[in-house]
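In the working numbering, each number is its position in the sequence shown, counted from 1, plus 64. Each residue gets a CB set at the ideal place from its N, CA and C atoms; glycine is no exception. Below is one structure; the comments refer to it alone.
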Amino acid sequence: MSVNKVILVGRLGRDPETRYTGAGQAVCNFSLATDESFKSRSGERQKRTEWHKIVVWGKQAEIAQQYLKKGAQIYLEGRIQSREWTDKENQKRTSYEIVATNFRMLGSRSDSMGGAAHSAAAGSGDFDSEAPAPVDHDQAGPEVTDEDIPF
């Protein structure tokens, strides 16, 4: 048995960019930054940022394009995928990306594009889930905090 599962909580480094395949399927790309804090050997507090390439397909790609913006904090689940190619100098290159299976916006309502909290969690990897309806400020549920993250 093997498992290829990634869980990330981070902030978008740029607005999502969506294109469509020849068959009409949406594919959305964006970058996600995760931070790590640690103490160096000298005892100084250090912070390291890791950047991740994210790919979202299908209906979720359209949802990501509509609701996600640069700086938005999200919880994301997916899998690692590698791509190999030969560059112009005939060197073999490899890049890694996260293929998202679902994501959820985090942060305060004011951080969530005009006050509405939106989710694009897909059940069992089903990318054909319905887009969430916009939520009115008065009807919005409780604010998601760091304690709500399942790890």
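Count the other CB atoms within 10 Å of the CB of Gly107; is the residue buried (16 or more) or exposed (fewer)?
Exposed: under 16 other Cβ atoms inside 10 Å.
Three-state secondary structure assigned by DSSP to Ala136:
Of the three classes helix, strand and coil, the one that applies to Ala136 here is coil, per DSSP.
Alpha carbon to alpha carbon, what distance is there between Arg147 and Lys156?
About 11 Å.
Evaluate Ala164 with the Cβ neighbour count: other Cβ atoms within 10 Å of its Cβ, from every protein chain shown; 16 or more gives buried, anything less gives exposed.
Looking at its Cβ environment, which holds 16 or more other Cβ atoms inside 10 Å, Ala164 is buried.
Is it right to say Ile138 is buried, meaning 16 or more other beta carbons lie within 10 angstroms of its own, or is it exposed?
A residue is called buried once 16 or more other Cβ atoms fall within 10 Å of its Cβ, and Ile138 is buried on that count.
Does any heavy atom of the ligand MG sit closer than 7 Å to the C-beta of Asn93?
Ligands displayed in this structure: none; no statement on the ligand MG is therefore possible.
DSSP has Lys156 in a bridge; who is on the other side?
Thr150.
Inter-residue spacing [alpha-carbon to alpha-carbon] between Gln110 and Thr98
Distance from the CA atom of Gln110 to the CA atom of Thr98, rounded to whole angstroms, is 14 Å.
Would Gln129 and Thr85 be called neighbours here (beta carbons separated by less than 8 Å)?
The answer is no: Cβ separation not under 8 Å.
Own chain residues within Cβ distance below 6 Å of Ser159, not counting five before or after
Only Arg147 meet the Cβ criterion.
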